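Residue numbers (the working numbering), protein chains in the order written: chain H, 4 to 152; chain Y, 4 to 152. Where is the CB? At the ideal position from N, CA and C, for every residue including glycine. Owing to the predicted nature of the structure, the values given are computational and were not obtained by experimental measurement. Here's the structure we're looking at; comments come further down.
Protein chains: 2
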Amino acid sequence: MKKTGLPLEIFRNYLRKKGLKFTRERLIIFNGIISISKHFDADSLCEFLKGRNKNISRASVYRTIPLLVKSGLITESLRCNNKFSYELTFGRRHHDHMVCVKCGRIIEFYDARIEKLQNEVCKKRGFEPLRHKLGIKGYCRACLSKMRK
Amino acid sequence: MKKTGLPLEIFRNYLRKKGLKFTRERLIIFNGIISISKHFDADSLCEFLKGRNKNISRASVYRTIPLLVKSGLITESLRCNNKFSYELTFGRRHHDHMVCVKCGRIIEFYDARIEKLQNEVCKKRGFEPLRHKLGIKGYCRACLSKMRK
DNA sequence: TAACAATTGAGATTGAATCTCAATATCAAA
DNA sequence: TTTGATATTGAGATTCAATCTCAATTGTTA
């Protein structure tokens, strides 16, 4: 597994602050997510761990994910195949997603102007934004050129 | 039930085009959605119909909703309480949503500048957008002022 | 090291959404 | 109209992600 410094400390501090325990299982789950380092869901994480001979029960995986969300290390992102999907956010800037409806490819993007306008619109409505999710569905470049042939 | 003109024709045409049948049940479901005229999910629609002594089986409701989506009369909007939620879109302009995490209030908004920037970003990536969903979570004006007291 | 409280895992449970299939309804063509 | 091919319905079974249960176990603090 990859070496982990600061994020692990954040997780441990979160647990300590909440009076929760830092267990072997939680460490394995944490390391697994760091290793995957891209979009994942609870089941694919279980499979990933099983493939590395680290069998952690589904229940523990499902229980640990919300803790990692609350500690700010991962975020619930798109819903894929009708499952909650997550991504590592520690040390990464917020971004939004384009999803190809043909091949499923995910393109991440960030546009400061859009973010700014969103805040502006919220202010106008007296709404205090906490987080947002923008998902654009359509066809990616590769699928478009395939379809044109 | 409210009288319905054009949208009903659109639905009938869609069904005809696909070789599907225009049934009593589908009409009742259609009318129910027109009457609700706001966000709904499959179950709440069933309950609404039951309350009007129009008992339609869950299965039929679940089967009809995708037909209405495909015919362009309703759209899948936010996911609420872990259920797919829909809204009538016929004759309405596209809009996005703010959702209050405290009281659940939904604020619809539209900003042409944001839409334009989205298209621009897509073009830059060679991505052809079909539809998008922007949801902003936060605190609404009412909840903010309550919290300040 | 002891004692308390949180955690684990296997399996049961929930609940939305989908599927099954025999009985029924729709609709185009005659 | 009537007919016949075919889509649809409803009740209940099924699926599957997510959550819950509870006895055995482990982490933490003093």
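**Request:** Return the chain-ordered list of same chain residues with a C-beta closer than 6 Å to the C-beta of residue 18 of chain Y, the five sequence neighbours on each side being excluded.
**Result:** Your numbering for residue 18 of chain Y matches position 15 in the second sequence. Excluding residues within five positions, the ones whose Cβ falls inside 6 Å are 25.
**Prompt:** For the putative contact between residue 121 of chain H and residue 36 of chain Y, defined by C-beta atoms under 8 Å, what is the C-beta separation to the nearest angstrom?
**Reply:** In the first sequence, the residue the question calls residue 121 of chain H occupies position 118. In the second sequence, the residue the question calls residue 36 of chain Y occupies position 33. Residue 121 of chain H to residue 36 of chain Y, Cβ: 30 Å. No contact.
**Message:** Tell me the DSSP secondary structure of residue 59 of chain Y in three-state form.
**Reply:** Within the second sequence, numbered from 1, the residue matching residue 59 of chain Y stands at position 56. Reduced to three states, the DSSP call for residue 59 of chain Y is coil.
**Message:** Just checking: is the beta-carbon of residue 6 of chain H within a distance shorter than 9 Å of some beta-carbon in chain Y?
**Reply:** Counting from one through the first sequence, the residue named residue 6 of chain H turns up at place 3. Here the model assigns residue 6 of chain H a pLDDT of 42, short of 50, so the residue's position is not dependable and the matter cannot be decided.
**Request:** Give every residue of the same chain whose Cβ lies closer than 8 Å to the Cβ of residue 142 of chain Y, excluding the five residues on either side of it in the sequence, and list them in chain order.
**Result:** Position 139 of the second sequence holds residue 142 of chain Y. Excluding sequence neighbours, residue 142 of chain Y sits near 103, 104, 105 and 150.
**Prompt:** How many angstroms separate the CA atom of residue 65 of chain H from the CA atom of residue 128 of chain H?
**Reply:** In the first sequence, the residue the question calls residue 65 of chain H occupies position 62. In the first sequence, the residue the question calls residue 128 of chain H occupies position 125. Roughly 36 Å separates the two Cα atoms.
**Prompt:** With 16 other CB atoms within 10 Å as the buried threshold, where does residue 4 of chain Y fall?
**Reply:** What you label residue 4 of chain Y is simply residue 1 of the second sequence in a count that begins at 1. Because the pLDDT of residue 4 of chain Y is 44, which lies under 50, any placement of that residue in the model is unreliable, and the number read from its coordinates should be weighed accordingly. The residue in question, residue 4 of chain Y, is exposed, as its Cβ has fewer than 16 Cβ neighbours within 10 Å.
**With 16 other Cβ atoms within 10 Å as the buried cut-off, status of residue 89 of chain H** = Stepping through the first sequence from its first residue, residue 89 of chain H is reached at position 86. Under this definition residue 89 of chain H is a buried residue.
**Asked** From residue 80 of chain Y to residue 85 of chain H, what does the alpha carbon distance come to, in whole angstroms?
**Response** As a first step, residue 80 of chain Y must be located in the second sequence, where it is residue number 77. As a first step, residue 85 of chain H must be located in the first sequence, where it is residue number 82. Rounded to whole angstroms, residue 80 of chain Y to residue 85 of chain H spans 15 Å at the Cα level.
**Prompt:** For the candidate residues Y:40, Y:23, Y:12 and Y:34, whose alpha-carbon lies nearest to that of residue 95 of chain Y?
**Reply:** Locating residue 95 of chain Y in the second sequence gives position 92, where the first residue counts as 1. Answer by Cα proximity: Y:40.
**Prompt:** Between residue 124 of chain H and residue 27 of chain H, what straight-line distance do the alpha-carbon atoms span, to the nearest angstrom?
**Reply:** Taking the first residue of the first sequence as 1, we reach residue 124 of chain H at position 121. Taking the first residue of the first sequence as 1, we reach residue 27 of chain H at position 24. Distance between the alpha carbons of residue 124 of chain H and residue 27 of chain H: 45 Å.
**Item:** C-alpha distance - residue 145 of chain H paired with residue 110 of chain H, whole-angstrom precision
**Value:** Here the question's residue 145 of chain H lines up with position 142 in the first sequence. Here the question's residue 110 of chain H lines up with position 107 in the first sequence. Roughly 12 Å between the two C-alpha positions.
**Message:** Any C-beta of chain Y within less than 7 Å: which residues of the stretch 99-119 of chain H qualify?
**Reply:** 101, 104, 110, 112, 114, 116 and 117
**Message:** Taking the beta carbon of residue 20 of chain H as the centre, do at least 16 other beta carbons fall within 10 Å, making it buried, or is it exposed?
**Reply:** Counted from its first residue, the first sequence places residue 20 of chain H at position 17. Classification of residue 20 of chain H: exposed, given that the 10 Å Cβ count is below 16.
**Asked** residue 135 of chain H touches chain Y at which residues, Cβ-Cβ below 8 Å?
**Response** Mapped onto the first sequence, residue 135 of chain H falls at position 132. Simply 137, 138, 139 and 140.
**Span of the alpha helix (DSSP H), counted from its first residue to its last, around residue 11 of chain Y** = Locating residue 11 of chain Y in the second sequence gives position 8, counting from the first residue. Unbroken alpha helix (DSSP H) run through residue 11 of chain Y: 9-20.
**Request:** Specify the secondary structure class of residue 2 of chain Y as computed by DSSP and reduced to three states.
**Result:** It is not possible to answer for residue 2 of chain Y, since the shown part of chain Y is limited to 4 through 152.
**Request:** Pull up the distance between the alpha-carbon of residue 6 of chain Y and that of residue 152 of chain Y, whole angstroms please.
**Result:** Start at 1 with the first residue of the second sequence, and residue 6 of chain Y comes out as number 3. Start at 1 with the first residue of the second sequence, and residue 152 of chain Y comes out as number 149. The predicted position of residue 6 of chain Y is uncertain, since its pLDDT is 42 and thus under 50; a value taken from the coordinates is nonetheless stated next. About 46 Å.
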